[in-house]
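First residue of the sequence shown: 487, per the working numbering; consecutive thereafter. From the three backbone atoms N, C-alpha and C, an ideal C-beta is built for every residue, glycine too. In this text the structure is predicted, and so the values were computed from the model without any measurement. Right, one structure below, let's go through it.
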Amino acid sequence: MGRVWELPLWAHAVALAVVLVALLPLLGPGSLSADEGAAMVQARHLSRGDGWIVDHPLPTVDPDGRAYPLELSERGARGSAPFAKHPLYALLLAGADRVGGATAMVLLSIAGTVAAAALAAVIGGHLDPALRRPSLWVAGLATPLFFDGYVVIAHTLAAAFAAGAVVLTLRLLDGAGRDRRPVVTLAGIATCVALGVLLRSEALFWGLALGVVLGAVAVGRRSALVAAAAVASVVAAYGARLGEHSWITRIVGDPVVATGDVPRAGAGFVGDRLATLQLTWLAPGYGRSAGGALALVIMLGAVVVGAVAVRRVPDDRRIILLLAATAAVAAVAAVVVAPSNLVPGLLVTSPVLAAGVIALRRSTLTGTGARVALATFVLFAAAVAATQYTGGGSVEWGGRYFALGVPVLVPVTVLALSRAGRRLDRATRRRVMAALVVCAVAMGVMAMGSLGAIHRRTDRLTTAADRAGRQVAPGGRPVMVATTSSVPRLAWATFDRQRWLIARPADLGALVGRLRVAGVADIVLVSRDLARDRLALGGAADVTPAPAPAGEPPIGANWDVVVVHLRP
């Protein structure tokens, strides 16, 4: 086993890639997030050569565009593009689609996870050569980067570029004054920051945070080269953002607005920030399983208290082992009770990170590399916490807007755990490490379970809608109406052979009336509150359940797919 562990870093990265790809078939078809659907609709439109603009399917029925099916699309004078907010990512997905369809799009995210984990290993090696391999495996399998590797929303690719910027930064700091090609290193930092911004909006904060930290280092060292790196990071971040806006304007025309409703604040700035921070860092679930949530709270509590005990009473072997065993048992219990529990709290999904954060001491940060990495993450996380939507990233595993900084945080926390472990005797250290591994594996199993369950549910929903549509318009493009705005984006796999519309509950009756005038006889309605939507339709339509094969499991989550016959 020791010889396997001592294999070169590239071999470990290949092994990680093999593990991630091998797990892909377990997830089944479907989507986690409506954002994925928008990106995939856009990518398929581009890969077929149809351009950026996805036309309204029934513009005469909906002249003001309120029922346009792809919510949060970029709209301008030329029309609407479902995922023009980050054109670079849409183009990458289109290229992947040409090569291997939807599977290749997911493989792009898996490649991002592997790259981010490998760069975390490089950062770990900078802090302590012994941390390279642990950093790779923790980043790749024991953080949200594992989950995000199967999600098509660019988190992992942007995380890789964020980590790449830090790798080059540490190289510059080590060789300041001796680097024979400092311009190349500066250009590399700027390129990584810019590409990150072109993939994920929150990467703007990463570039600014890195620039601020480098500015402080430049003042302390009185180094013009480090100051140039700080300027390069900030300019690249802002330049990429401005350039991307210009790119979007060229795609859709001016002015650029988002279709649909953007999430709004609810309880005031401070209240919203605190509630959302608690959700995205500490919440054990979305309230669907009280037993699973309780078990995860016990796990996290045992991990945190155990890390404190290692710091304060490292010789109290019994209490440390009791806490380690409690965490492991609670983690396994959580999976048994709620195997498909979706967890938004970052520290809950990553018990290794939670333990490492608690284990951090001033002595951990004696090196410049550790201080730069941690300070950049802290500033970035503070900016995200101050600006993220109320409710965080909606459907997510471990605060997805913070994922970009995870590969840089991992080596620092692994360093803290490594030094804390030295305070324990060898047998206790091994057992504590084994307990942390059990917790990490349990959370990985739950991540796969939750993602697979959501995939299966969305697949049942979109399959039922497609089947009803083929009944309504055999060989044609049926009219499909959803009173939940995410549905048309979730139906990305069948979107092109359907004519979707979004109807807010208050607008449903009027929209159906215009469809009747336009000569539409039957529509498919997808609803999460069918009783409410029946009232909105009134007596102007006959509603019948869509047929389903005998023995097919229900869609779940209160979804209904019905056929609506519009009376003349």
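Original post:
With 16 other CB atoms within 10 Å as the buried threshold, where does F863 fall?
Top reply: It counts as buried.
Original post:
Comparing alpha-carbon positions, which option in Y724, R886, V699 lies nearest A713?
Top reply: It is V699 whose Cα lies nearest to the Cα of A713.
Subject >> Proximity winner among A567, L690, G1037, relative to A524 (alpha-carbon distances) >> reply: The alpha carbon of A524 has as its nearest neighbour, out of A567, L690, G1037, the alpha carbon of A567.
Original post:
Going along the chain, which residues of its own chain have a beta-carbon closer than 6 Å to the beta-carbon of A644, five neighbours each way excluded?
Top reply: So the qualifying residues of the chain are G682, L685, R686, A689, L890.
**OP:** Check whether the stretch 959-968 touches the stretch 929-945, counting contact only when three or more Cβ pairs, one atom from each stretch, lie closer than 8 Å.
**Re:** As far as the Cβ criterion goes, the stretch 959-968 does not touch the stretch 929-945, which means the pair count is below three.
Subject >> Inter-residue spacing [alpha-carbon to alpha-carbon] between A1032 and A723 >> reply: C-alpha separation (whole angstroms): 50 Å.
Subject >> Assumed close pair V1047, A926 - CB separation to whole angstroms, cut-off 8 Å >> reply: A Cβ-Cβ distance of about 39 Å is found for the pair V1047 and A926, leaving them out of contact under the 8 Å criterion.
Original post:
Leaving out the 5 sequence neighbours to the left and right, which residues in its chain are closer than 6 Å to V923 when beta-carbon positions are compared?
Top reply: Cβ neighbours of V923 beyond the five flanking positions: none.
Subject >> Own chain residues within Cβ distance below 7 Å of N1044, not counting five before or after >> reply: In chain order, R1014 place their CB closer than 7 Å to the CB of N1044, counting only its own chain and leaving out the 5 sequence neighbours on each side.
Original post:
Expressed to the nearest angstrom, what Euclidean distance is found between the alpha-carbon atoms of R486 and P893?
Top reply: Residue numbering for the chain in the displayed model covers 487 to 1054; residue 486 lies beyond these limits and cannot be assessed.
Original post:
First and last residue of the beta strand (DSSP E) that includes E560?
Top reply: Counting along the chain, the beta strand (DSSP E) containing E560 begins and ends at 560-562.
Original post:
Using 8 Å as the threshold, is the stretch 789-798 in touch with the stretch 853-869, meaning 3 or more CB pairs across them?
Top reply: Not touching, per the Cβ criterion.
Original post:
Would you say L694 touches the ligand GDP, meaning its beta carbon is less than 7 Å from a heavy atom?
Top reply: No copy of the ligand GDP appears in this structure; indeed no ligand is present at all.
Original post:
Can you check whether the CB of D740 is closer than 8 Å to the CB of G562?
Top reply: It is a contact, given that the beta carbons lie within the stated cut-off.
**OP:** Return the chain-ordered list of same chain residues with a C-beta closer than 7 Å to the C-beta of T642, the five sequence neighbours on each side being excluded.
**Re:** S595, G598, T599, A602, L631, D634, G635.
Original post:
From L556 to P974, what distance separates their C-alpha atoms?
Top reply: Roughly 6 Å between the two C-alpha positions.
Original post:
Opposite A606 in the DSSP bridges: which residues?
Top reply: Within the DSSP secondary-structure output, A606 pairs in no beta bridge.
Original post:
Of the residues R667, V608, L1052, which one's Cα is nearest the Cα of V1003?
Top reply: That would be L1052, whose Cα lies nearest to the Cα of V1003.
**OP:** Measure the Cβ-Cβ separation of I844 and T812 and say whether it is below 8 Å.
**Re:** The Cβ atoms of I844 and T812 do not sit closer than 8 Å to each other.
Original post:
Opposite W986 in the DSSP bridges: which residues?
Top reply: Among the bridge pairs identified by DSSP, W986 is matched with M966.
Subject >> Which of helix, strand or coil DSSP assigns to A1140 >> reply: The question about residue 1140 has no answer here: the residues shown for the chain are numbered 487 through 1054.
Original post:
Under the three-state reduction of DSSP, which class applies to T629: helix, strand or coil?
Top reply: Reduced to three states, the DSSP call for T629 is coil.
Subject >> Environment of P545 [buried if 16+ CB atoms lie within 10 Å] >> reply: P545 comes out exposed.
Subject >> Beta-carbon proximity of L617 to G611, cut-off 8 Å >> reply: Pairing L617 with G611 gives a Cβ-Cβ distance under 8 Å.
**OP:** Throw me the rounded Cβ distance for the A744 and E560 pair, which I believe falls under 8 Å.
**Re:** Contact holds; Cβ gap of about 7 Å.
**OP:** Report the rounded CA-to-CA distance for A640 versus R759, giving the unit in angstroms.
**Re:** The straight-line gap from Cα to Cα measures roughly 24 Å.
**OP:** Helix, strand or coil for D740, going by three-state DSSP, please let me know.
**Re:** Shown here, D740 sits in coil according to DSSP, grouped into three states, outside any helix or strand.
Subject >> Simplified DSSP state of S904, which is helix, strand or coil >> reply: DSSP, reduced to helix, strand and coil, places S904 within a helical segment of the structure shown.
Original post:
If you run the structure through DSSP and keep just helix, strand and coil, what is G581?
Top reply: The three-state reading of DSSP puts G581 in helix, counting H, G and I together.
Original post:
Roughly how many angstroms lie between the CA atoms of A793 and L910, to the nearest whole one?
Top reply: For A793 and L910, the distance between alpha carbons rounds to 12 Å.
Subject >> Own chain, CB closer than 6 Å to T629, minus 5 neighbours either side, in chain order >> reply: The beta carbon of T629 is closer than 6 Å to those of S836, V892 in its chain, skipping five residues each way along the sequence.
Original post:
Three-state secondary structure (DSSP) at P1031?
Top reply: Taken through DSSP and simplified to helix, strand or coil, P1031 comes out as strand.
**OP:** Select from W767, I1009, A761, G706 the residue whose C-alpha is nearest the C-alpha of Q984.
**Re:** If we check each option's Cα against that of Q984, I1009 comes out closest.
**OP:** Buried or exposed for H542, please, with buried defined as at least 16 other CB atoms from any protein chain shown within 10 angstroms of its CB.
**Re:** Buried, since its Cβ has 16 or more Cβ neighbours within 10 Å.
**OP:** Can you tell me which of the three DSSP states L1052 falls into?
**Re:** In the three-state DSSP reduction, L1052 falls in the strand class (E or B).
Original post:
Quick one: is S775 buried, meaning 16 or more other Cβ sit within 10 Å of its Cβ, or exposed?
Top reply: With 16 or more Cβ atoms within 10 Å of its Cβ, S775 is classed as buried.
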